Amino acid sequence: MRKIVALMAACILAASLAACDGANKKINAPVESSEVSSSNYQDMVSQFKGAGFTNVSTKEIDDLILGWLTEDGQVEEVSIGGKTSFSTSDTFAADAPVVVSYHTFPKKDKGSAESTPTPDQPSTSPAPQSPEPSQEPSPSPSPTASNENITAQNNEEFRSLIESPQPDNATIEQFVSKYKGRTVEFDGNVANVASHNGYKTRFDFLIYAGDYSTDSAHGPNFQFANCAYYNLHLTGDNIPNSISAGQNLHIIAKIVDFNSTQQLLHLEPIDTSAR
C-alpha cells in the first residue's frame, strides 16, 4: 500500500515539474522592435507564433483616411509582456502576451450609405448642372477633368510654382488647398534621403523639381514621408536597386498636404521612374 501511495506521489510531482517547466520556457523575440513598423500585421503574427509564442493577439488602430503614407494592415508597434522595446537577444516566457497593433480604416456604418434617389430627384438635379460645364473652362487654364494629371504644360499655377526659385508659403498653401488630392506629374530629383524616426527600412525623401544640382534648387520642398523602397512604386526599364541623393526621377504623385512650419509639401508617390 505504501508503495502505491509513493508511486502516485512521484507521478504527481513529475507532472507538476513538467507543467512548471512548460510555463517557464523562454523564447527569443523573432524580430527587433525597431523593424516591426514596416511589416504587415498578419506576417508579424505568423512570425511570433512560429517562434513559439502561445498568446498572440491583434489590436486595430482605425485611424486611416486615405491609406497613402501608411498602408492598411501596417504594424504600428508590437508589445511583448507590455514591453514595446526589445531585440532578438531578449527572452520572454512562451505564454507572455504579445499584442500586434496595426493601422486600418474605420469600419463604415451601414446606415451611413447613400440612399437611393427618389423619382423626383433625377428630374431636378440635371437642370442646374447643365449650364455649368460651358462656364467652368473659360476662367481657369487648369485641367477641367479631375482625373487628368496636373503638369507644367496644362496648369499655369503649377508651372509657376515649380519654376519659382523660392515660392512663398502663401502661394504654396493656396495651391495645395485648391488641388489637394489631385495628381501632379513632373521631372524632379532626390535632394536628400533621411531615416524616418530612426527606422532602418523607412525614409523621408526630399524632392526638388528639375535636374539634380548642388548649386541651385527651385520650386517647393516636396517630400515623400515615411516611405519604404516599395512605396515609391518604381517602374521602367532601369529600376535602381536603391534611391539616393542625386537621382533624377520622373514623378507622378498625389498632393497630400503642406506643413508651413517645416515648409514641406507632402506628396504620395504613385509612379516613379529613373531618368
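Here the working numbering is used: position 149 in the sequence shown is 159, and no number is missing along the way. Note that the Cβ used here is the ideal one computed from N, Cα and C, for glycine as well. None of the values given here were measured: they were computed from a predicted structure.
With a cutoff of 8 Å on beta-carbon distance, residue 68 and residue 55 are scored as near each other. About 5 Å separates the beta carbon of residue 42 from that of residue 97, a gap short enough to meet the 8 Å contact definition.
In this structure, residue 235 and residue 221 do not form a Cβ contact; the two beta carbons are roughly 23 Å apart against a cut-off of 8 Å. For residue 53, there is no enclosing beta strand (DSSP E); the residue is part of the alpha helix (DSSP H) that begins and ends at 51-61. Just measuring C-alpha positions, the residue of 257, 66, 171, 44 sitting nearest residue 206 is 44.
A Cβ-Cβ distance of about 6 Å is found for the pair residue 91 and residue 107, placing them in contact under the 8 Å criterion. With contacts defined by Cβ atoms closer than 8 Å, residue 244 and residue 182 do not form a contacting pair.
Short of 6 Å from the beta carbon of residue 232, and not among the five residues preceding or following it, lie these beta carbons of its own chain, in chain order: 217, 275, 277. Residue 167 sits away from residue 196, with the two beta carbons spaced by 8 Å or more. Looking at the DSSP output, residue 278 shares a beta bridge with 264. With contacts defined by Cβ atoms closer than 8 Å, residue 252 and residue 239 form a contacting pair. Comparing alpha carbon positions, the residue from 85, 250, 237 closest to residue 50 is 85. Annotation: the continuous beta strand (DSSP E) that includes residue 199 extends over 193-205. In the DSSP assignment, the residues bridged to residue 68 are 110. With contacts defined as CB atoms closer than 8 Å, residue 38 and residue 95 fail to qualify as a contacting pair. Straight across, the Cα-Cα distance linking residue 212 with residue 237 is about 5 Å. For the pair residue 242 and residue 193, the CB atoms are not nearer than the 8 Å cut-off. Residue 59 holds the alpha-carbon nearest to the alpha-carbon of residue 105 among 249, 59, 73, 48. Looking at the backbone, the Cα of residue 179 and that of residue 262 are separated by about 23 Å. Looking at the DSSP output, residue 214 bridges to 204. Annotation: residue 37 is outside any alpha helix (DSSP H); the continuous beta strand (DSSP E) that includes it extends over 36-38. Beyond the five residues adjoining it in sequence on each side, residue 171 comes within less than 8 Å, by CB distance, of 177, 181, 182, 185, 229, 230 in the same chain, given in chain order. For the options 112, 110, 63, 82, the alpha carbon positioned closest to that of residue 102 is the one of 63. The continuous stretches of alpha helix (DSSP H) do not include residue 235, which lies in the beta strand (DSSP E) extending over residues 232-237. Residue 160 sits buried, since 16 or more C-beta atoms from the chains shown fall within 10 Å of its C-beta.
Here residue 242 is not bridged, per DSSP, to any residue.
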